[in-house]
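Reading the sequence shown from the start, the letters are residues 104 to 187 in my numbering.
Take a look at the structure set out below.
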Amino acid sequence: MSQNFKPENGTAAPKAAGWWRTPMMWLVVGGPALVIVASFITLSLAINNPDPVLEDKVVANKASGSKALVPAREARNHAATGGQ
104 MSQNFKPENG
114 TAAPKAAGWW
124 RTPMMWLVVG
134 GPALVIVASF
144 ITLSLAINNP
154 DPVLEDKVVA
164 NKASGSKALV
174 PAREARNHAA
184 TGGQ
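This is how it looks when you write it as structure tokens:
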């Protein structure tokens, strides 16, 4: 039952190369494999170096009534009134 297929011109059919010798296969499989490896590296970095927890501090909004915003308010009002 193991007969080689021979085309009509009498030459044997070329043997198929292994899947690992096909460059397109490496593009199709290599991209997602690289993403999976990078995700595990990111996960290990996140587990080994967690962000510190910040303490809640009540900070009064110092800028709301300060003179630092006066030029911004004047520019906003100037733009809204058309330069009057």
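Glycine included, every Cβ here is placed at the ideal spot set by N, Cα and C.
From a predicted model like this one, the values you see are computed outputs, not experimental measurements.
With DSSP as the reference, label residue i as helix, strand or coil.
i           : result
residue 158 : coil
How far does the alpha helix (DSSP H) with residue i in it reach, from first residue to last?
i           : result
residue 119 : Note, residue 119: premise wrong, no alpha helix (DSSP H); not H, not E.
residue 153 : Per DSSP, residue 153 belongs to no alpha helix (DSSP H) and is neither H nor E.
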